[in-house]
Amino acid sequence: MSEAKTVLRLENISLSFGGVKALTNISFDVKEHEIRSIIGPNGAGKSSMLNVINGVYHPQQGTIYFRDKVRQKMDPTQAARQGIARTFQNIALFKGMTVLDNIMTGRNTKMHSNFLMNALWWGPARNEEILNRRKVEEVIDFLEIQHIRKTPVGKLSYGLQKRVELARALAAEPSLLLLDEPMAGMNVEEKQDMCRFILEVNQQYGVTIVLIEHDMGVVMDISDRVVVLDYGKKIGDGLPADLMKNPDVISAYLGTNH
Amino acid sequence: MLFFTEIVISGIFSGLMYALVALGFVLIFKASGVFNFAQGAMIYCAALAVVGLIDIGLPMWLAVIGSFVFMVFIGFGTQRFMLSKLVNQPPITLFMATIGLSFFLDGLGPILFGSDVRPINLGIVDEPIQSIMDNTGIGISKFDLTASGIIILLVIVLTLLFQYTKIGRALRAVADDHQAALSIGIPLKNIWTIVWCIAGFVALIAGLLWGSRNGVQFALSLTALKALPVLILGGFTSVPGAIIGGIIIGVSEKLAEIYIPPVLQDAFGGNFGGIESWFAYVFALVFLLFRPEGLFGEKHIDRV
Amino acid sequence: MLYREAGQYKVSYQSDNQIFPILQDRIGILIILAIAVFAIPMFASEYMLNAILVPFLIFSLATLGLNFLTGYAGQLSLGSAAFMAVGAFAAYNFQLRIEGIPFLISFFLGGVCAAMVGIAFGLPSLRIKGFYLAVATLAAQFFVLWCLTKFSWFSNNSASGVISAQPLFLFGFPINTPTTKYLLVLAIVVFLFWIGKNIVRSSTGRSWMAVRDMDVAAEVIGIPLMKTKLIAFAISSFYCGMAGVLYAFCYLGTVEPDGFSLELSFKILFMVIIGGVGSILGNFLGAAFILLLPIVLDLTLPVISQMLNLPISGSTVSHIQLMVFGALIIFFLIVEPHGLARLWQIGKEKLRLWPFPH
Amino acid sequence: MITDFNTETFPKMLLRHAETIPSRMAYREKYLGIWQEITWAQNLEQVRALSCGLSNLGFNRGMNLAIIGDNRPGLYQAMLAAQCLGGVPVPLYQDSVATEMVHVLNDAAIGFVVVEDQEQVDKLLEIKDQVPTLHTIIYQDPKGLTDYVESFLHSTHQIQTAGEVFNREHTKFFMHEVSKSQPTDLSIILYTSGTTGKPKGVSHSHQNFMRAGKEACIFDNLTYKDNILAYLPMAWVGDHLFSYAQAMAAGFTVNCPESKETVMSDLREIGPTYYFAPPRVFEGLLTQVMIRIEDAGFIKRKLFQAAMNCAKKFGTQILDGQPVNFLNRLVYGFYNLTIYGPLRNVLGISRLRVAYTAGEAIGPDLFRFYRSIGINLKQFYGQTETCAYVCLQPDGHVKYDTVGPPAPGMEIKLADSGEVLVRGISVMQGYYNRPDATAESMDDEGYFHTGDAGIIDHDGHLRIIDRAKDVGKMANGKLFAPKYIENKLKFFPFIKEAVAFGDQRDTVTAFINIDFEAIANWAERRNISFAGYIDLASQADVYVMIGQCIDQVNEDLSVDDMLSHAQIDRFLILNKELDPDDDELTRTRKVRRGFIAEKYGVLIDALYAGKDEQFIEIKVKFEDGRDGQISGNIKIKNAKIVRGSPR
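Residue numbers (our numbering), protein chains in the order written: chain A, 1 to 258; chain B, 1001 to 1304; chain C, 2001 to 2358; chain D, 3001 to 3647.
So this is what it looks like as structure tokens:
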């Protein structure tokens, strides 16, 4: 890990909504190819953290270095174009569309033909469509969801929807992947699959992953390093094994129902 | 200068009229989150009901009561047959439903009470008040003054109602958070029905005033749309906002009507009257670009 | 039951992406087109062509325009008629002021002008949503009409802005009979629907739907909201504009700004709702429904009133129309928010799975 | 015609197709959402590259090549490649667990293995040290394998690219190797799951399968225009005959589904013209149809029933070209338009010209159903040792209770014990490395002893009643054919498996396995509530209903003079599904009677001791491989014995 170079560095980030503090100067870094987990009780500011990273929220204080460049105020779209993809805590699929179309939207950053070409289904536009369809099909094959390809996402089970959301994120071929509780509300089998996929994404495609997850077992198994948040403050950071010993962490998190 | 003041004053008066309409929107939106496009149609219906009942020989006061009853019916009907079937639909759907409702009412009113244009006589003459005229030289119509008086009175009554009665508290609770309201056992449906009735009452007042000003006609239904820009300024949820927004719109509109056409005339020649038809909307539109949340509304962050 | 899909396998993404992937559908559409192109001109009466088919096609086009914006991109607009007006007047002026310009070009330019006005009024959509936006579009509705009425330049100084469309010649061949006009409209509408379908099945269309279904998520996966919405407004207004052009040149011949009233905008909105938001086919169904309903009422109401022997005046009939429209909208929003198109779709699914129910 | 096949081998067949029908499709595989096609010409190139690559790695004449995975063109090509080099492909069941593979791999002295994907690779790595000969693993799908470091792992892609280079350097090599192949060479070793003991390798020569394939194609005049869906285990003789031998013989297209979940929809997309499925598949399909129709509206249901009645009356006659009066033909035509046609279409079998079923006996009602809605469903008889090619039902002469007359090039006779003996083109060379076993099953006249007991009826059709060794004698010395009874039971949609006992006893008893799906549905419609399989299996109502089925069977038996004495006296319903993972069934779902008799001894004793309840504890293996236990009381009920008058 140590010699791997840093992809993302956050320095004393503070974020508040109309006076309510969500995050108080939090600093940590994410290294190339690692699985970096963020844990903490509900309302610890985990999701806000992700929202800061991909520019949905703009912290009042602190600086974000992405690939060694200080990141100015940016919106999610730019983040996406820089190779940051994510999934959401409560599924954010496009309910009105099929699985295939949902995943296709993930390719959007890769598609450049303008609407005029699209309108005439012109050579370049059509070829682009086909090219990206193929890419998407590879993702579908990778996540083993061929059988629901043309199903409207609304009709799918919760577990499958989560998987489709991951597919949509992967379709963008991200270099940094933010996963917000990808296994929440899944049964054992689904969790096993999801773990397998996350690990493969990380190992096969060398995607750096920032993971929020409640299932401590999973976190300890698959993550390289873990950040622990509590009430918007960082109370621990390090290797999973070490954190198990950290008293603050135990009291704040492991001690509680999890 | 004098001329200017007069315009401003008349602007304020007409603004208050808009505000009155806007009030109806606000009430319903606050309580049920429904953007009631049909408010204008309700005004039209209310006014029609009054004149219609007078036509069949009822005295004014009875006609008004009758009209109110009619509005209550509409309120119940809307709740029973429309809104209760559209719970948990996206607001835009409800909005479109109310457009449907406005068409329905625009049709229903005339069928029941006749469609030909008729005046309402409130017994207040529309002439300047001499005393003021003499002292300041500014003409202020008795009618306008009384009308505004009524409006302000209405606002005060409503405010008190909201503040100090059980229903009022319930209403505010609902406005803040539906789920919470439900959980503490406030029967949403009834609340909403009540609100619709109150809105109906406001519409009735508006109908009377507008009607006696320019006679009861379909145009009412459209003129009422002016309340929309007012709402955008004042925000959908604030009663004072409605008043102030109304006044702003009213005044600016009048001023525009007076001062812009000549300019255009010099530029292009021809007649450029009738600016009121759009000024309010464009004004609101431009305003939106700078303050989407309105004068008093607060910014909200959508969580992900 | 009519569908026989076994053995229709796809060996390429093209064939999987085509507009009508099912053979039987392709056949069906060809038959319909054949009827529209050959049978109708031969057998349809002048009234049929002038008063029903032409407006039907034109309104389908306008409805598609609004559907892009409301059904696909999720932005409600109450100003469709204004954009139609822009198209009509623009085309009129191009014909008027540019010597010997082919009318197809001025038609197209008319649409483009509408698109530009659309973009202008679409700008607020970047900051506001839902009925705020709806109100904003009212501004377009009123402002545009006012301009067209008051700036007499637009109507070539005619009283109250009335314009009468110039005669059309295609390669010197006059387009003045109902049949030729119908065929012209048909050609343009079919072409534009083909284009429209391509747009909604391409990345553009997917971005629209993404923004409609969940704009935050859309942004996060890299869909630029501003660009997407503005394109939606542009294309939507272009289609309304084109509809306006045809409305003026191939349907009424003489139009005035007030002809494109708020009423008309609502009519189109109703066509979208009843036809089916977010559907291509729905635009035809909606247009047909809203156009035929008044005719049906006009025919039936007097008969009914006779039977119940209570006399009803013409005005009452029109008022009853209003009520029926209103009631229908509410009915559809409650019972089938996706309109006639969804009903058709369900029926089709049943046919494909026959004899199984699902 | 037939004679010139003698010179044929599969590699030569490949060359011929690549030459005569180069642009026809050899394979079609649904991958990445569309059907990727491989023409015969391409097929030749790819196979050539593969075999060159293989020989590069040192695979050559006389070696065996193990093949493990779902039906994929690549794996079929691997078979061909091996044969082109004079090697012998050995397909294994892809769903068997690693330990089950050890024996086969060692028995066939496997050095090279071609597998589909990571799943199979992992299995092999797990057992590699138990298989000393194994030194090279070649995988098709690199997914998930990129960070595997083992030096003996190669991807098909690497091999083929290497092969192309090799081929460019040694242009003659491939053709030379192919020309060496002789019809008498071994072409394949198929391991029989075997109801008892370890699997035996059945080795066939090129001409065995080649001729069987050719004859079968001629028999149903199949041409290169036909299509088949390959979805059954490649290690199973049926698939090897249909999807390999026949496909090679006629040159028709083999279509490979996208994944296990999509087989049904892929079937529908392709709409094959030639189809094989074991009875249980047809059964499952029918059950589905009935369940789905249940949910249909009243009118549609009535229409459907009417259509089914009409089909029952005339469908089969019309199919067999027997005279049916015009009016009835008209009615049938109408239903064909409104019900049968759409139904066939929705099931994806509308383009079928011929469909076959075999393996275990198929229920007459089931069989009739498909034939009556216009599907030319037929039965054949055969086993691994005979390339699954012994008897075929000819068009127009289909009897429900027989498997038809001997197929072209085959002859059968019955031993005194009633065992069926087979001789002809498809009989195997012998069991691999097992001269003893071979000697046991082949006599010096060249007859293969099938181990099935059968009867040949007056127009020469063979009727199988049971496994010969299972045909026992009851205490009174009369014939006892358990399988025959079991099948009669299994013909009821509610009964999934059945095991009958009675050998050396004076009465017949039976274990019943309910069909959960069907009975659950039946229960719901009578709103009988139940907690799960075990609960449902013990429900009184279920017992009553199963009881009626059994009485029905006794009814049938009573009229059969050979078997009327062997009616079911008592029965019980097992509280657990018989399962291959618990060795109660073979991988092809044949009942392992002996094993079961042992495992459930207490129950059998209880049956004969006349108890009406018995407690039992059973070990089970759960899907995730863990062991567990099921225990509970099992009710025992009596059935009606019919003293019918034997005709």
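Backbone N, C-alpha and C fix where the C-beta goes; we use that ideal spot for every residue, glycine too.
- Of the candidates A:His33, A:Val20 and A:Met49, the residue whose Cα lies closest to the Cα of Gly40 (chain A) is A:Met49.
- Contacts with chain A (Cβ-Cβ distance below 8 Å) from the region 2215–2248 of chain C involve Val2216, Ala2217, Ala2218, Glu2219, Val2220, Ile2221, Gly2222, Ile2223, Pro2224, Leu2225, Ile2231 and Ile2235, listed in chain order.
- When DSSP states are grouped into helix, strand and coil, Tyr158 (chain A) belongs to the helix group.
- Going by DSSP, Ile3464 (chain D) is part of the beta strand (DSSP E) stretching over Leu3462 to Arg3467.
- The Cβ atoms of Leu3080 (chain D) and Leu3014 (chain D) lie closer than 9 Å to each other.
- For the region 3332–3356 of chain D, the beta-carbon criterion of a distance under 7 Å to any beta-carbon of chain C is satisfied by Thr3338, Ile3339, Pro3342, Leu3343, Asn3345, Val3346, Gly3348, Ser3350 and Arg3351.
- Short of 8 Å from the beta carbon of Pro1090 (chain B), and not among the five residues preceding or following it, lies no beta carbon of its own chain.
- Secondary-structure assignment with DSSP links Trp3035 (chain D) through a beta bridge to D:Lys3030.
- Cβ contact annotation for Arg3268 (chain D) (same chain, cutoff 6 Å, sequence separation greater than five): Gly3348, in chain order.
- With fewer than 16 other Cβ atoms from the protein chains shown falling within 10 Å of its own Cβ, Tyr2047 (chain C) counts as exposed.
- Along the region 140–164 of chain A, going in chain order, the ones with a CB nearer than 8 Å to a CB of chain D are Ile140, Asp141, Phe142, Glu144, Gln146, His147 and Arg149.
- Looking at the DSSP output, Cys3256 (chain D) sits in a beta bridge with D:Glu3029.
- Counting other Cβ atoms within 10 Å of its Cβ, Gly55 (chain A) reaches 16 or more and is therefore classed as buried.
- The region 1202–1210 of chain B and the region 1246–1261 of chain B do not touch, with fewer than three beta-carbon pairs separated by less than 8 Å.
- Between Arg2206 (chain C) and chain A, the shortest Cβ-Cβ separation is below 9 Å.
- The beta-bridge partner set that DSSP reports for Ser37 (chain A) consists of A:Leu211 and A:Val226.
- The contact set of Ala1097 (chain B) on chain C, defined by CB atoms closer than 9 Å, consists of Ile2329, Ile2330, Leu2333 and Ile2334 in chain order.
- The alpha-carbon separation between Gly3418 (chain D) and Pro152 (chain A) amounts to approximately 59 Å.
- Taken through DSSP and simplified to helix, strand or coil, Thr2063 (chain C) comes out as helix.
- Around Asp101 (chain A), the beta-carbon contacts reaching into chain C at under 8 Å are Arg2206 and Met2209.
- A residue is called buried once 16 or more other Cβ atoms fall within 10 Å of its Cβ, and Leu2064 (chain C) is buried on that count.
- Scanning its chain for C-beta atoms nearer than 8 Å, with the 5 sequence neighbours on each side dropped, one finds around Ala3041 (chain D) the residues Ala3018, Pro3022 and Ser3023, in chain order.
- Remark: C-beta atoms of Gly2079 (chain C) and Phe2121 (chain C) approach each other more closely than 9 Å.
- Thr3146 and Asp3147: these are the residues of the region 3146–3159 of chain D whose beta carbon lies less than 8 Å from some beta carbon of chain A, given in chain order.
- At least 9 Å separates the CB of Gly3454 (chain D) from every CB of chain C.
- Taking the C-beta atoms as reference points, Phe2068 (chain C) is found nearer than 9 Å to Ala2232 (chain C).
- Residues of chain A whose Cβ lies closer than 8 Å to the Cβ of Thr3262 (chain D) are, in chain order, Gln146 and His147.
- Using beta-carbon distances, Asp1106 (chain B) counts as an interface residue toward chain C, with a partner under 9 Å.
- Proximity of chain A to Gln2075 (chain C) at the Cβ level (cut-off 9 Å) is not reached, the minimal Cβ distance being about 15 Å.
- Under the DSSP definition of a beta bridge, Pro152 (chain A) partners with A:Thr98.
- Contact fails between the region 3224–3231 of chain D and the region 3125–3135 of chain D, because fewer than three Cβ pairs, one in each stretch, are under 8 Å apart.
- Sorting D:Asn3106, D:Met3210 and D:Glu3613 by C-alpha distance to the C-alpha of Ala3540 (chain D) places D:Glu3613 at the top.
- Contact between the region 3249–3259 of chain D and the region 3458–3466 of chain D is absent, with fewer than three C-beta pairs closer than 8 Å.
- In terms of Cα proximity to Arg9 (chain A), the closest of A:Gly19, A:Ser16, A:Arg36 and A:Phe17 is A:Arg36.
- Ile2290 (chain C) and Phe1104 (chain B) have their alpha carbons spaced roughly 15 Å apart.
- Taking CB atoms only, Arg2352 (chain C) has no neighbour in chain A less than 9 Å away.
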